[in-house]
Amino acid sequence: ETRLVGDRKRLAQDIETLRKQNEVLERDVQRWHERQAAESQTRVLAALVPVARYTAAKTAHDRAKEDRRVAHAHYLETKSAAGPAEEEMEALEATLARAEAQRRDAQDALAGAERDARQQMARMERFETTQRDLHAELDDIGTRAQRRRDNIARLRSELADLEAAHAADPEPPSESRELVQAGAELSRQKLELKNEIIQLQGAQSDLVRSGRQISDDIAARDRTLHDLDNVALQRRAALRRFNEDAFRALEWLEQNRDRFEQHVFAPVCLEAAVSDARYAPLIETVVGAGSLRMFVAQCDADYHTFTREVNDRLGLRVDVVRPARPLDAYRPPKPREALQALGFDGYALDFVEAPAPVLAALCARDSLHEVPLALGAVDNDQVEKHAPFKEYLAAGTRFAVSRGRYGSKAPTVMTSQVRPQARLLSQGESDEVGAARERLREEIDGLRDRAADNEAQMKRLSMREQKVRNAHRELEAREEELRQERQRIAKAAGQWERSRVHIEARRAQLAAAVAEDRRDGQARTQEERARIQRLLRDNASARAAAVSAAAAAVAQMPDHVHRAADAALAGLRDARALGELKAAAARHREAIAEAQQAFDRASDAYTAAKAEARRCLEETRTVTDGMSDEERQAVREAQELRRDASYEDLELELAACRQRLSLAANSGLSARVVEQYEERTARLAAMVVSEEDQAHHLRRLRSNKRRLRAQWERPLEDIVARIAASFRAMFDRIGCMGEVALLRAGDGIAPQPAPAEPAAEEGAAGPPVEAWCDDEDYGSWGVEIRVAFRKDERMRVLDNHRQSGGERAVSTILYLQSMQDLAAAPFRVVDEINQGMDQRNERLIHEIIVSTACRPGSSQYFLITPKLLPDLEYHPLMKVLCIFNGEWQPQHLDVARYISNARTS
């Protein structure tokens, strides 16, 4: 019945929800139909535009065809008009070519005559020059001997002066050995200083590189310090420390997001944020590390892609979930106002900021919508008694509540401490981050100390290098002085050697001049004169021949000049006429070219118009493909109505219609809206029928229940009354108070909330369903035991909080004994029931057990105990069995001797 009432209530709620949803869908369906009409109009206009475009293209094609015909006729006419002028120009060009050839022949002959005359004149000039040279050589024969004697005298005088000067200048000394050794020593010292400078520079370079490395290390640690202030980077770093697989999966996801249909969310610790940092440890306690590392997909395809690539192929052990329900499907168990009345600040979901799919995944996995949080303390008794929470966190403690399935359903609470500081959801600075920050600062201080040491060493090395360079410059100055001294000695030796060589050269010249003067005599002079006179006579004859040839060439030149002038005048006349003809021909050619260009443009325009018309024609043949008969009829009607409309107007109307359609498309509507509306309408009718069936079934069920209840309730009350009487009598025997009562759901045990009856729908058939009875929650029925073991103490319910272990044991065994005559079991077994009792209660309970178990007709009774008090009451029907068991038992046990020893002692 409870299930049926709940089902009927949920069905009524579903009917109301579905009706409201359908009311919303009605507006969407109307907009969908409007959108369908707009799409139909768009298709009609899209079919009309190609037809109008083809009409315009056909008109343009006909116009271009006529323009091409006119241009071609004009081109042929212009080309035929230029024919005679071209023939006359060709004849005149041939005449001009002949005149030009005659002029060139005359000019070539004139040039040949001029060339011959110039050649003969050049020969005459050479002959005259030769004659002057021969006369000069003839005159020079008389003065040549005197010049030789004067040259010999001059050479002797110069030689005497040179020898006197050379004898006065002694030979300079050569370079000394001391100078050479001094130069070598200076070179060695310079080399040592140079090597030291190189070493110092190398050390400085090492310090510079070390300083640069130290600066880079300081900058890197500064960047790391800066990154520690970035919460997102801290969380990524924390994720990498806690789970390397999750971090590698995150890197793969960021590089392969294009492989997913929808956005796949990164691990929850990166997507979620806590609105108040004080609640971060509580949220992380509720969620747990596993949930903080999980990925969230929004569709099944992305879920399967992620698991296939990351879990299967990469072999990474990470969790990915796909929420089955949206976030608004998760409802809290109590309103937030009632939650605050209990002292809570809110549910865990209220303090987490994340995308809706991530929150839905956390609600499904960790029940964020059901776990209340409080920074301070709350009344735990009130919470555990009245609130249906399985878990709550308050004052830094986590309370896990579990309730029994039977009886009073008393709660059992387990507590654990909340970690004081969040690790993955922290927005502040964790201990690890603080330690890392302190470590980085210490490293930066150490690096700065190293940098200061490097600077000090660099200063010392620089000062040493300056000293070495000063010493090196001093050595270079001394070396320069030594070099100048060596150069002075070498220069003096060179000058002395050059003077000696000069003297030897003058001696050789003087000896050659004396020898030449001795060779030349009188006979040789006369032979030379006769030779020159023969050359003079031959030169005069050749000069006379050259004069005659030059005169003949000059006489031919006037005839060649007249011929060239006549040919040039004729060529000028023909060239003037040819120029006029060429100008006219150029004008004709320009006219032909223009006509040709106009014809080409007309042809191109015709070809383009023809292609466009053909394309538009092909487009019109396919515009109605895929249309229904109604749409084709609508196209024909629209074509008749818009007969005079241009395709530009149609395109503007089509663009406006498409814009309206785009606005409708952006609303998110689809054909699924109509399907959902129709499906929900059918479901709503079916659910109304089902609700009526459930109401009828519920009335029949409650009628049967009342009949069945009458059959068992009275016998149950009789049994409980018999147990209560026996229980009360046994407690009276031990001097205490006790009672047993049957508790129904409305007699003190907190019942489940009664399901409210759904309101009757207007027009619903059938009588109303009877009201709910509070005591019909049979799962809450039970037997309540109340006991009191001390004087003036009121009886309290037996539980594990108020009574001691011994008191609970006494109450339990007496309750079992009270049922001894009611339960038809063949035997009973009680194990160590006397443990925890004091001696008085143990004796009384033993007496009661013996008296009830040894009555005729009682079931067999086993009492197992490790020890018994002495002098207990025993019955002849009782049998005592001693079980000897354990590792240290003897092989043969003499029981009689043990009993005898016990009696004597």
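Using UniProt numbering, read the sequence shown as starting at 1 and increasing by one per residue.
For each residue, glycine too, the CB sits at the ideal point set by N, CA and C.
Shortest alpha-carbon distance to PRO357 belongs to which of ASN311, ALA471, PRO333, ALA266?
Along the sequence shown, one-based indexing puts residue 357 at 357. Per the Cα distances, ALA266.
To which residues does DSSP link SER416 through a beta bridge?
Here residue 416 refers to the residue found at position 416 of the sequence shown. According to DSSP, SER416 bridges with ARG398.
Starting from GLY805 and walking both ways along the alpha helix (DSSP H), at which residues does that stretch end?
Translated into the one-based positions of the sequence shown, residue 805 becomes position 805. In the DSSP assignment, GLY805 falls within the unbroken alpha helix (DSSP H) covering 805 to 818.
Could you check where the alpha helix (DSSP H) with PRO357 kicks off and where it finishes?
Within the sequence shown, numbered from 1, the residue matching residue 357 stands at position 357. Per DSSP, PRO357 belongs to the alpha helix (DSSP H) from 356 to 366.
Could you pull the start and end residues of the alpha helix (DSSP H) that GLU739 belongs to?
Taking the first residue of the sequence shown as 1, we reach residue 739 at position 739. Careful: GLU739 lies outside any alpha helix (DSSP H), inside the beta strand (DSSP E) at 737 to 743.
What are the residues that DSSP puts in a beta bridge with GLN860?
Along the sequence shown, one-based indexing puts residue 860 at 860. BP columns for GLN860 point to PHE827.
Looking only at C-alpha atoms, which of GLU713, ARG733, ILE734, ASP732 sits nearest to LEU742?
For the purposes of this step, residue 742 is taken as residue 742 along the sequence shown, with counting starting at 1. Ranked by how close their Cα comes to the Cα of LEU742, the residues GLU713, ARG733, ILE734, ASP732 have GLU713 in first place.
For VAL783, which beta-bridge partners are listed by DSSP?
What you label residue 783 is simply residue 783 of the sequence shown in a count that begins at 1. The partner list for VAL783 (beta bridge, DSSP) reads LEU742.
Mind checking whether ALA634 and VAL5 have CB atoms under 8 Å apart?
Here residue 634 refers to the residue found at position 634 of the sequence shown. Here residue 5 refers to the residue found at position 5 of the sequence shown. No, the Cβ-Cβ distance between ALA634 and VAL5 is not below 8 Å.
Where do the ends of the beta strand (DSSP E) carrying LEU373 lie?
For the purposes of this step, residue 373 is taken as residue 373 along the sequence shown, with counting starting at 1. Here the beta strand (DSSP E) through LEU373 covers 372 to 374.
Span of the alpha helix (DSSP H) around PHE247:
As a position in the sequence shown, residue 247 is number 247, starting the count at 1. From DSSP, the alpha helix (DSSP H) with PHE247 extends over 244 to 255.
For ALA759, is the classification buried or exposed, using 16 other Cβ atoms within 10 angstroms of its Cβ as the cut-off for buried?
As a working mapping, residue 759 is identified with position 759 in the sequence shown. Any reading at ALA759 must be qualified, since the residue scores a pLDDT of 44, below 50, and its modelled position is unreliable; no value is offered.
Just verifying my parser: in three-state terms, what is the DSSP assignment at ALA725?
Sequence index remark: in the sequence shown, residue 725 carries index 725 (1-based). The answer is helix: DSSP assigns ALA725 an H, G or I state.
Which listed residue (ALA395, MET294, ASN901) has its alpha carbon closest to that of ASP366:
Along the sequence shown, one-based indexing puts residue 366 at 366. Here the closest residue by C-alpha is MET294.
Buried or exposed by the 16-neighbour rule on C-beta atoms within 10 Å, applied to ALA490
Here residue 490 refers to the residue found at position 490 of the sequence shown. Taking a 10 Å sphere around the C-beta of ALA490, we find fewer than 16 other C-beta atoms and assign the residue as exposed.
Between ALA64 and TYR677, what straight-line distance do the alpha-carbon atoms span, to the nearest angstrom?
On the sequence shown, residue 64 is found 64 positions in, with the first residue counted as 1. On the sequence shown, residue 677 is found 677 positions in, with the first residue counted as 1. So the alpha carbons of these two residues sit roughly 58 Å apart.
Spatial distance of ALA237 from ARG403 (CA atoms):
Walking along the sequence shown from the start, residue 237 turns up at place 237. Walking along the sequence shown from the start, residue 403 turns up at place 403. For ALA237 and ARG403, the distance between alpha carbons rounds to 41 Å.
In this structure, does DSSP put VAL264 in helix, strand or coil?
By 1-based counting over the sequence shown, the position of residue 264 is 264. In the structure shown, VAL264 sits in coil (DSSP, three-state: anything other than H, G, I, E or B).
What is the DSSP secondary structure of GLU832, counted as helix, strand or coil?
Mapped onto the sequence shown, residue 832 falls at position 832. The DSSP-derived three-state label of GLU832 is coil.
What first and last residue would you give for the alpha helix (DSSP H) that runs through ALA853?
The residue you call residue 853 lines up with position 853 of the sequence shown. It spans 839 to 853 - the alpha helix (DSSP H) in which ALA853 sits, taken as one unbroken run.
Consider the C-beta atom of ARG398 and the heavy atoms of the ligand COA; say whether any pair is separated by less than 7 Å.
Here there are no bound small molecules, and the ligand COA is not part of this structure.
Mind checking whether LEU461 and GLN204 have CB atoms under 8 Å apart?
Position 461 of the sequence shown holds residue 461. Position 204 of the sequence shown holds residue 204. Remark: C-beta atoms of LEU461 and GLN204 approach each other more closely than 8 Å.
Ignore the nearest five residues each way along the sequence and tell me which others in ASN666's own chain have a CB closer than 8 Å to its CB.
For the purposes of this step, residue 666 is identified with residue 666 of the sequence shown, where counting begins at 1. Residue confidence for ASN666 is low, a pLDDT of 48 falling below 50, so the modelled location carries little weight; the figure read from the coordinates is stated next. The beta carbon of ASN666 lies closer than 8 Å to none in the same chain, with the five residues before and after it left out.
Would you list the residues sitting across from GLU353 in a DSSP beta bridge?
Here residue 353 is taken as the residue at index 353 of the sequence shown, counted from 1. Looking at the DSSP output, GLU353 bridges to ALA273.
In whole angstroms, what is the alpha-carbon distance linking ARG209 and PRO355?
Position 209 of the sequence shown holds residue 209. Position 355 of the sequence shown holds residue 355. Going from the Cα of ARG209 to the Cα of PRO355 covers about 50 Å.
Hey, would you say PHE242 sits closer than 8 Å to PRO333, going by beta carbons?
Walking along the sequence shown from the start, residue 242 turns up at place 242. Walking along the sequence shown from the start, residue 333 turns up at place 333. Result no, Cβ atoms of PHE242 and PRO333 do not sit closer than 8 Å.
For GLY315, does the three-state DSSP call read helix, strand or coil?
Position 315 of the sequence shown, counted from the start, is the residue given in the question as residue 315. Residue state, collapsed to three classes: coil.
Per DSSP, ARG796 is paired with what?
Looking up residue 796 in the sequence shown gives position 796. ARG796 pairs with VAL787.
Residue burial classification, CYS882 (beta-carbon count within 10 angstroms, cutoff 16)
Locating residue 882 in the sequence shown gives position 882, where the first residue counts as 1. So CYS882 ends up on the exposed side.
Nearest-angstrom Cα distance between residue 921 and GLN835?
The structure shown has nothing for residue 921, since the chain only spans 1 to 905.
Which of the three DSSP states, helix, strand or coil, is assigned to TYR54?
One-based indexing of the sequence shown puts residue 54 at position 54. Of the three classes helix, strand and coil, the one that applies to TYR54 here is helix, per DSSP.
Going by C-alpha distance, which of ARG478, LEU569, ARG587 is nearest ALA99?
On the sequence shown, position 99 is the one that residue 99 refers to. The residue with the shortest Cα to Cα distance from ALA99 is LEU569.
Using 8 Å as the threshold, is the C-beta distance between PHE827 and GLN860 below it?
Walking along the sequence shown from the start, residue 827 turns up at place 827. Walking along the sequence shown from the start, residue 860 turns up at place 860. Going by beta carbons, PHE827 and GLN860 fall inside the 8 Å limit.
Within 10 Å of its beta-carbon, does PHE884 have 16 or more other beta-carbons around it, so buried, or fewer, so exposed?
In the sequence shown, residue 884 corresponds to position 884, counting from 1. Burial call: exposed.
Please check the pair CYS269 and LEU327, which I expect to be a contact at CB under 8 Å, by giving their CB distance rounded to whole angstroms.
In the sequence shown, residue 269 corresponds to position 269, counting from 1. In the sequence shown, residue 327 corresponds to position 327, counting from 1. With a Cβ gap of about 19 Å, CYS269 and LEU327 do not count as contacting.
Would DSSP call GLU873 helix, strand or coil?
Walking along the sequence shown from the start, residue 873 turns up at place 873. Coil at GLU873, not helix or strand.
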